[in-house]
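S.K.: Encoded as structure tokens, here's the structure I'll be asking about.
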Amino acid sequence: MTVWDRPEPPTRPVPLDRERIVTAAIALADEGGLEAVSLRKVAARLDAGPMRLYAYISTKEELFDLMVDEVHAEILPEEQPGDWREALRVLAHRTRQAALRHEWLADLLGGRPSLGPNGLAVTEAKLAALDGLADVDTVMRAVETVSAYVTGAIRREIANLRAERATGLSERDWQRASGPHVTGMLATGRFPSLAKAVHDGTDVDAGTSFATGLDWVLDAVAAKLDRPSA
2 MTVWDRPEPP TRPVPLDRER IVTAAIALAD EGGLEAVSLR KVAARLDAGP
52 MRLYAYISTK EELFDLMVDE VHAEILPEEQ PGDWREALRV LAHRTRQAAL
102 RHEWLADLLG GRPSLGPNGL AVTEAKLAAL DGLADVDTVM RAVETVSAYV
152 TGAIRREIAN LRAERATGLS ERDWQRASGP HVTGMLATGR FPSLAKAVHD
202 GTDVDAGTSF ATGLDWVLDA VAAKLDRPSA
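Heads up: the sequence shown begins at 2 in this note's numbering, then just goes up one per residue.
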């Protein structure tokens, strides 16, 4: 029986329910990452005994599942765009925005799908966007491909943000600090393609990089569909 199927116990003596528990856990994770979340710490924030939480949630993994599902409610748009590309684009950008608000989400994206009502609704929206445009296996592979790109891009962006905080160096400061080493390595002539990219390439911000890569992935999906995109 999943945590969503298991009934909640009575709320006495301290008013308590899974919604309050999950809200407190998300607040802790937003402040200090997943390592800041435990049933004991959540109980302390709610001024409840730790053992009481086990009546609502059996494990920390269940708590993480509930947290992820709660954030999925932020991802689902109020209205589904009619065009499949725009529908998948909106979901991708809303996923990135949710991860930037809740950086810990990047650590829990991917792997087994979220089975909560909000997570299932997001999956339904992705599949529905492509419904009727190709056979079901092609639709599933297309959704998996877009999701894999979104997850990877988000994890890379969050990793860079964490590195900035850990080192105290912005991306530009880090480039300046590592510049002499990179310049010396490129001068050996062993990395001509990398040298061309470093010297002639254009730096773009994370949002632009995400949007460009997403469009390329959607172009690849369009090539596999039975009917071209609108």
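Using N, Cα and C, we set each Cβ at its ideal position, and we do this for glycine too. All of these numbers come straight from a predicted model, not from anything done at the bench.
Just to confirm the assignment, what range does the alpha helix (DSSP H) spanning Q176 have?
M.R.: Segment 172 to 188, the alpha helix (DSSP H) holding Q176.
S.K.: Could you tell me the distance, in whole angstroms, from the CA atom of V69 to the CA atom of K42?
M.R.: Taking the straight line joining both Cα atoms gives about 18 Å.
S.K.: Rounded to whole angstroms, what is the Cα-Cα separation between Y55 and S194?
M.R.: Whole-angstrom Cα-Cα distance: 56 Å.
S.K.: Can you give me the Cβ contacts of V140 inside the same chain, cut-off strictly under 8 Å, excluding the 5 residues immediately before and after it?
M.R.: If we look at V140 and ignore the five residues flanking it on each side, its Cβ neighbours are L128, L131, D132, L134.
S.K.: Taking the alpha-carbon positions, what's the L121 to L35 distance?
M.R.: Distance between the alpha carbons of L121 and L35: 23 Å.
S.K.: Locate the alpha helix (DSSP H) running through L226, then write down its first and last residues.
M.R.: That residue, L226, is in no alpha helix (DSSP H); it is neither H nor E in DSSP.
S.K.: Pull up the distance between the alpha-carbon of G112 and that of D138, whole angstroms please.
M.R.: G112 and D138: Cα-Cα distance of roughly 19 Å.
S.K.: Ordered along the chain, which non-local residues of its own chain (more than five positions away) have a Cβ less than 7 Å from that of E63?
M.R.: Around E63: V4.
S.K.: Looking only at C-alpha atoms, which of A44, T184, G169, D174 sits nearest to A198?
M.R.: For the residues A44, T184, G169, D174, the minimum Cα distance to A198 belongs to T184.
S.K.: Identify whether D132 lies in helix, strand or coil by the three-state DSSP scheme.
M.R.: It is a strand residue.
S.K.: Measuring alpha carbon to alpha carbon, tell me which residue in D48, G50, A49, A25 is nearest V38.
M.R.: When only C-alpha atoms are compared, the closest one is A25.
S.K.: Inspect the CB distances between the stretch 165 to 181 and the stretch 213 to 222 and report whether three or more fall short of 8 Å.
M.R.: They do not touch, by the three-pair rule.
S.K.: Just to confirm the assignment, what range does the alpha helix (DSSP H) spanning T24 have?
M.R.: Its alpha helix (DSSP H) spans residues 19 to 33.
S.K.: Please report the straight-line C-alpha distance between T213 and Q98, rounded to a whole angstrom.
M.R.: Approximately 16 Å between the Cα atoms of the pair.
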